[in-house]
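Q: Handing you a structure now.
Residue numbers (this note's numbering), protein chains in the order written: chain R, 21 to 343; chain F, 85 to 409.
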């Protein structure tokens with residue numbers, strides 16, 4: 021793996037559940053993220069896949085410093101981001117940008133596109149106005165929009181074009197990491213491919229790293245170098261996308277593959293339809309959190325929690341069936 | 085062959101502005117036949133007219149929209165000449181629909197049991213213990229555990245997947261002949277989606293239901309459907325049996341759609357993307373609506389709207405490339 025840009029070490033986020041209005045007491049903890057470790061190299065894409073409630077979004081928020089971790093550390097270029105202050109903190113915020121799922125709510129409808137893209141520049145860098153304008157034009161052409169787009173408002177664009185605007189804004193400060201939270205799931209199929217290709221081109225051109233969060237396994241495998249499969253706040257499998265594609269090991273990862281839709285009607289896949297629903301993270305099952313739904317469950321699974329074990333180079337899995 | 089469950093011939097549903105000066109041709113000449121036990125998939129992007137087609141079949145169109153042409157036959161009866169009263173007797177009993185978001189289609193103020201009971205009371209005049217027994221049977225049918233307890237619960241007490249199964253139970257309660265599912269799984273997680281799709285398939289097999297599956301997801305089409313209609317700008321640009329669509333797509337739009345999704349099993353370096361945007365139906369391009377984005381467009385495509393050409397057995401497309409072949 022190349023040099024590490026971001027390293028996430030045993031990250032946890034527990035949300036207390038309160039009871040009472042005045043004399044509040046904690047009656048439980050939602051362990052949204054419970055001991056997650058991975059790293060992102062420069063120019064790499066790390067994908068997080070999993071269903072709702074698995075902790076993908078909370079992880080993302082902690083990297084963006086929108087939530088404070090309960091414990092664990094996020095190391096950015098050798099420094100723990102929680103110890104950053106002043107200039108260093110500002111540099112971190114400049115270096116990490118985000119593109120969100122819904123381009124209809126992530127762009128302010130009252131601000132012209134040119135100003136939306138320029139805002140990070142105006143806030144973070146004291147550039148003369150002409151320079152800002154020049155940079156906006158450059159960014160617009162990078163993401164494939166006409167120069168005239170700068171004078172229009174977001175409602176004058178379609179979903180795909182808006183997502184391009186959001187990408188241009190994220191790129192404006194030359195960040196080293198862009199967090200992509202379901203960047204294509206709100207878009208139409210033909211537009212999705214355009215945006216995925218654009219993201220790949222930009223990564224090639226600028227060497228930016230991506231932290232990609234999505235529930236569409238095929239899209240994550242397509243864009244990522246490394247993929248972490250998450251279930252109820254834990255990483256159950258961490259592998260390169262090629263290893264995961266050819267040999268998913270964890271029963272949950274296999275179930276995700278089996279549940280994913282075919283690309284051809286004759287495509288035959290082993291049917292592993294997991295039964296039941298995702299348990300509440302307020303009261304996760306004992307032992308392995310997947311054991312109530314797992315088709316290969318053994319007695320040990322309900323007692324001992326499996327840890328991530330190295331199976332192969334760059335392939336880790338947390339399951340009692342292995343190692 | 086037996087009588088088809090549903091037959092649409094050149095259906096046209098247009099939206100009119102208040103002064104009648106602007107016309108949006110949301111559905112423009114849709115033709116298909118659906119037999120008992122068959123699933124037709126309608127695939128297309130947002131704004132292509134998929135939902136307006138299904139709402140036209142149920143005749144639940146907004147005030148601005150009117151069916152201006154074509155025919156709709158349901159089990160040999162003309163749906164267009166039916167009175168509102170006759171339509172109401174069909175909706176919810178013979179013709180039913182599952183919508184995208186179960187939180188919107190269930191009433192949060194009534195229990196699950198009451199909501200399943202409503203169509204049974206209205207259409208089947210069921211009362212008392214017979215009604216309760218039927219509700220439990222339906223809940224068991226959609227694999228809801230402990231139905232005796234669940235029927236007294238409210239929608240917010242259930243997960244998204246369960247709510248969508250409840251909607252399914254309501255739809256099949258009066259043993260319909262046609263079920264329209266409009267993006268039924270977009271709000272569900274993948275493993276729950278897989279459960280739901282296999283449930284729908286089982287129900288369909290058991291009841292020999294005719295189904296229309298409306299989706300933007302090619303994968304759902306591959307998994308669920310027998311026949312496919314590809315919709316673009318209010319027109320079915322291609323219709324064929326599902327294997328034909330996947331093996332020999334005739335229309336350039338279908339071909340591009342199939343290549344625009346990443347595969348789970350094979351590595352692709354770059355996706356085949358369709359440049360440009362879907363057309364604005366209030367102001368469609370001249371000629372074939374796909375021509376501004378079509379890599380194979382010729383002069384004629386920019387001038388004349390292509391009619392439907394037959395490509396093979398049960399395989400039709402609206403593309404000039406197939407003229408006279």
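Think of the CB as a built atom: it goes at the ideal place given N, C-alpha and C, for glycine as much as any other residue.
Treat the numbers as computed from the prediction; the structure is a model and nothing was measured.
1) I think residue 56 (chain R) touches residue 35 (chain R), with their Cβ atoms under 8 Å apart; what is that distance to the nearest whole Å?
2) Check this for me: beta carbons of residue 179 (chain R) and residue 123 (chain R), under 7 Å apart or not?
3) State yes or no: is the beta carbon of residue 207 (chain R) nearer than 7 Å to at least one beta carbon in chain F?
4) Roughly how many angstroms separate the alpha carbons of residue 159 (chain R) and residue 192 (chain R), rounded to a whole number?
5) Can you give me the C-alpha to C-alpha distance between residue 204 (chain R) and residue 210 (chain F), rounded to a whole angstrom?
6) Counting only C-beta atoms, is residue 216 (chain R) closer than 7 Å to chain F at any point?
7) Enumerate in chain order the residues of its own chain whose CB-to-CB distance from residue 21 (chain R) is below 6 Å, with the five nearest sequence positions on each side excluded.
8) Anything in chain F within Cβ reach of residue 311 (chain R), meaning under 9 Å, just list it in chain order.
9) Using alpha carbons as the reference points, say which of R:174, R:229 and R:300 lies closest to residue 73 (chain R).
10) Based on Cα-Cα distance, which residue from R:213, R:30 and R:144 lies nearest to residue 352 (chain F)?
11) Let's see if you can read the secondary structure: which residues bound the alpha helix (DSSP H) around residue 242 (chain R)?
12) Enumerated in chain order, which unbroken segments of the alpha helix (DSSP H) with a length of 4 residues or greater are wholly contained in the segment 167 to 193 of chain R?
13) Taking 8 Å as the threshold, find out whether the segment 83 to 99 of chain R comes into contact with the segment 273 to 284 of chain R through three or more Cβ pairs.
14) What would DSSP say about residue 340 (chain R), mapped onto helix, strand or coil?
15) Tell me where the beta strand (DSSP E) around residue 36 (chain R) begins and ends.
16) With 8 Å as the C-beta to C-beta threshold (strictly closer), list the residues of the segment 256 to 290 of chain R near chain F in chain order.
17) If you count every other CB in all the chains shown that lies within 10 Å of the CB of residue 367 (chain F), and 16 or more means buried, which is it?
18) Does residue 146 (chain F) have its Cβ less than 7 Å from a Cβ in chain R?
19) What's the gap between the Cα of residue 401 (chain F) and the Cα of residue 392 (chain F)?
20) Any beta-carbon of chain F closer than 7 Å to the one on residue 105 (chain R)?
21) Tell me, please, whether the CB atom of residue 129 (chain F) is closer than 7 Å to any CB atom in chain R?
22) Is it a yes or a no for the segment 284 to 299 of chain R touching the segment 274 to 285 of chain F, going by three-plus beta-carbon pairs under 8 Å?
23) Identify the continuous beta strand (DSSP E) that holds residue 113 (chain F) and give its terminal residues.
24) Indicate whether at least one CB of chain F lies closer than 7 Å to the CB of residue 294 (chain R).
25) Less than 7 Å between the beta carbons of residue 240 (chain R) and residue 83 (chain R), yes or no?
26) Alpha carbon to alpha carbon, how far is residue 216 (chain R) from residue 163 (chain R)?
27) If you follow the alpha helix (DSSP H) that residue 112 (chain R) is in, where does it begin and where does it stop?
28) For residue 93 (chain F), tell me which candidate among F:140, F:131, F:231 and F:106 has the shortest Cα-Cα distance.
29) Of all Cβ atoms in chain F, is any one closer than 7 Å to the Cβ of residue 210 (chain R)?
30) By DSSP, does residue 21 (chain R) sit in helix, in strand, or in coil?
A: The answer reads as follows:
1) No, residue 56 (chain R) and residue 35 (chain R) are not in contact; Cβ-Cβ is about 15 Å, not under 8 Å.
2) Taking C-beta atoms as the reference points, residue 179 (chain R) and residue 123 (chain R) count as a pair closer than 7 Å.
3) The beta carbon of residue 207 (chain R) does not come within 7 Å of any beta carbon belonging to chain F, so the residue lies off that interface.
4) In a straight line, the C-alpha of residue 159 (chain R) is about 7 Å away from that of residue 192 (chain R).
5) Distance between residue 204 (chain R) and residue 210 (chain F), taken at the CA atoms: about 47 Å.
6) Chain F contact via Cβ: present.
7) With a pLDDT of only 43 at residue 21 (chain R), under 50, the local geometry of the prediction cannot be trusted, and the value read off the model is given with reservation. Once the five neighbours on either side are set aside, the close Cβ partners of residue 21 (chain R) are 61.
8) Scanning chain F for C-beta atoms nearer than 9 Å to the C-beta of residue 311 (chain R) yields nothing, as the closest lies near 15 Å away.
9) For the residues R:174, R:229 and R:300, the minimum Cα distance to residue 73 (chain R) belongs to R:300.
10) Looking at the Cα atoms, R:213 is the closest of the given residues.
11) Per DSSP, residue 242 (chain R) belongs to the alpha helix (DSSP H) from 237 to 243.
12) Fully enclosed alpha helix (DSSP H) runs of 4 or longer: 179 to 191.
13) Note that the segment 83 to 99 of chain R does not touch the segment 273 to 284 of chain R; fewer than 3 beta-carbon pairs, one per stretch, sit closer than 8 Å.
14) Residue 340 (chain R): coil per DSSP, three-state reduction.
15) For residue 36 (chain R), the enclosing beta strand (DSSP E) has its first and last residue at 24 to 39.
16) Per Cβ criterion, the list reads 262, 265, 275, 276, 277, 278, 279, 280, 281, 282, 283, 284, 285, 286 and 287.
17) Result: exposed.
18) No, its Cβ sits nowhere closer than 7 Å to a Cβ of chain R.
19) Approximately 5 Å, taken between the alpha carbons.
20) No, residue 105 (chain R) does not count as interfacial toward chain F.
21) Output row for residue 129 (chain F): interface = yes.
22) Cβ pair count under 8 Å is three or more, so yes.
23) Element bounds for residue 113 (chain F): 107 to 118.
24) The beta-carbon of residue 294 (chain R) is placed less than 7 Å from the nearest beta-carbon of chain F.
25) Not a contact, by the Cβ cut-off of 7 Å.
26) Roughly 12 Å separates the two Cα atoms.
27) Note, residue 112 (chain R): alpha helix (DSSP H), 106 to 115.
28) The candidate whose alpha carbon is nearest that of residue 93 (chain F) is F:140.
29) Residue 210 (chain R) counts as touching chain F.
30) Confidence is the limiting factor: at residue 21 (chain R) the pLDDT is only 43, short of 50, which leaves the residue's position unreliable, though a coordinate-based value still follows. In the structure shown, residue 21 (chain R) sits in coil (DSSP, three-state: anything other than H, G, I, E or B).
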